[in-house]
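> Questions regarding the structure given below will be posed in turn.
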Amino acid sequence: MAHFVLVPGGWHGSWYFEEVVPLLERAGHTVTALTLKGLRPDDDQATVATANLDTHADDVLRHLDRARLTSATLVGHSYGGMVIAAAADRARGRVERLVHLDACVPLNGESCWSSTTDQYRQRFVDGAATTGYAVQPPGHLDPRTRPHPLASFMQEIQLTGAVDEVPRREFVFCSGWDGTPFADVRTRLAADPGWAVHELPTGHDVTHEAPDAVADLLLRDA
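Residue numbers (UniProt numbering): 1 to 222.
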C-alpha cells in the first residue's frame, strides 16, 4: 500500500484532486490532498502575506510527522512541484517517490518566478497589483481558487542534494496546451537517467481532463 500526498498548484486547494483521490483509494492506497497555508478559506491577510515556499514545504513535513509516514509518495502539480522538491529535500529519507505533474522541477537557487516564462511572470505582477502580497487567480480558473501568496512564487529554493536521493523521481509532461513553461524541464529530465518522463496529451488542468490517466500513472508499481 502506498501513501500518496497530493500538493496542488497555484491558487488551488485540495479539491483540485477530487476526481483522482477516489481512484487511488479504490485501489487500496492511503491518500491525502493538502490545501497549503495561505490558500485556506479562513486564512487571514497576515497569513496570506507571510506564507512562502518554506511555509508550504513545512505543511507537507507536518503531515508526514502527523501521519508517521516513512515511505511517502509526493505528487505536486504546477507550483506544487516546488513544494514537493523542498519538502523531500528536508524529509530525511521519508519520501520514496516524487511525481511532478506538469510541474516545476527546480534546481538549487531557482524559484517559481525564475523558472517560468515572461507570460507567467507578468501574470504574477498584474495579479498582485491590488495587495502587493497576494496574486489574484486568473479569471478562467475554477471559482474555488484563492489569491496565492506572492512570496511563495518568489522565494528561491535551497536544496542540499538530498532530494536527488529519492529512489523514484518522475515528471509528467502535458503536451496538449500552448505556452507551457515546462518544455525545457522535459528536455532536461529526458536526458537524466535518474528520472522517468511520461507524457499525457492534455492541457494543464490534467486532473480534471484525464483523472483516469493520472491515476493510472500514479498506480504504476505503487
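The beta-carbon is built from N, C-alpha and C at its ideal position, and this holds for glycine as well.
Quick one, are the C-beta atoms of V31 and L24 less than 8 Å apart?
yes
> For V83, tell me which candidate among P8, V166, P211 and Y120 has the shortest Cα-Cα distance.
Among P8, V166, P211 and Y120, the Cα nearest to that of V83 is on P8.
> By a C-beta neighbour count over all protein chains shown, 10 Å radius and 16 as the cutoff for buried, is Q45 buried or exposed?
exposed
> Using alpha carbons as the reference points, say which of A33, E18, W11 and G161 lies closest to V48.
W11
> Report, in whole angstroms, the separation of the C-beta atoms of C74 and A51, which I expect to be a contact under 8 Å.
With the sequence shown as reference, residue 74 is identified as Leu, and Cys is not the correct amino acid for it. Not quite, the Cβ-Cβ distance comes to about 19 Å (not below 8 Å), so this is no contact.
> According to the neighbour-count rule (16 or more other Cβ atoms, all chains shown, within 10 Å of its Cβ), is R186 buried or exposed?
buried
> Just reading off the alpha helix (DSSP H) that A87 is part of, what are its end residues?
In this chain, the alpha helix (DSSP H) harbouring A87 covers G80 to R90.
> By alpha-carbon positions, which one of R97, T117 and S78 ends up nearest to G179?
T117
> For R97, write down the residues that DSSP places opposite it in a beta bridge.
T73 and R168
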